[in-house]
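Structure first, then comments.
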């Protein structure tokens with residue numbers, strides 16, 4: 001689901017991100033990126049499984065947006081934080097424990113959470 005939070009695009013994801021569900025996620029994020037948002041937050045707080053394809057989508061999205069677009073990922077549970085941390089992606093893009101933290105940070109232009 002894609003929502004606007006006072007100028008910040010938020011893609012909220014739930015369930016599992018795997019080879020079956022990844023195409024729909026990629027399409028949803030791609031549609032948002034095509035609109036050239038000023039900031040994008042991907043909320044994974046309701047995700048129960050984050051497979052390698054999901055990690056690839058997050059990294060590719062960060063690269064597509066570039067440095068001029070605010071970006072953050074909400075990942076608070078071990079199902080999402082652990083794979084992001086183990087792959088080192090937490091050093092590539094900022095992670096936040098809550099959506100409010102992510103929204104505040106991208107609005108303030110902070111580079112890391």
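Numbering (the UniProt record's numbering), first residue to last: 1 to 113. Glycine included, each C-beta is placed from N, C-alpha and C at the ideal position. Predicted model only: the values in this text are computed from it and were never measured.
Asked, Found
"Separation of residue 40 from residue 68, as counted between CA atoms", "11 Å"
"Paired residues, beta bridge with residue 46 - DSSP", "14"
"For residue 54: DSSP bridge partner residues", "Answer is none; residue 54 lacks a bridge partner."
"Nonlocal neighbours in the same chain, by C-beta distance under 6 Å from residue 12, ignoring five residues either side", "1 and 43"
"Among 73, 8, 108 and 79, the one whose alpha carbon lies nearest that of residue 51", "79"
"Inter-residue spacing [alpha-carbon to alpha-carbon] between residue 99 and residue 74", "6 Å"
"Contact check, residue 14 vs residue 53, beta carbons under 8 Å", "no"
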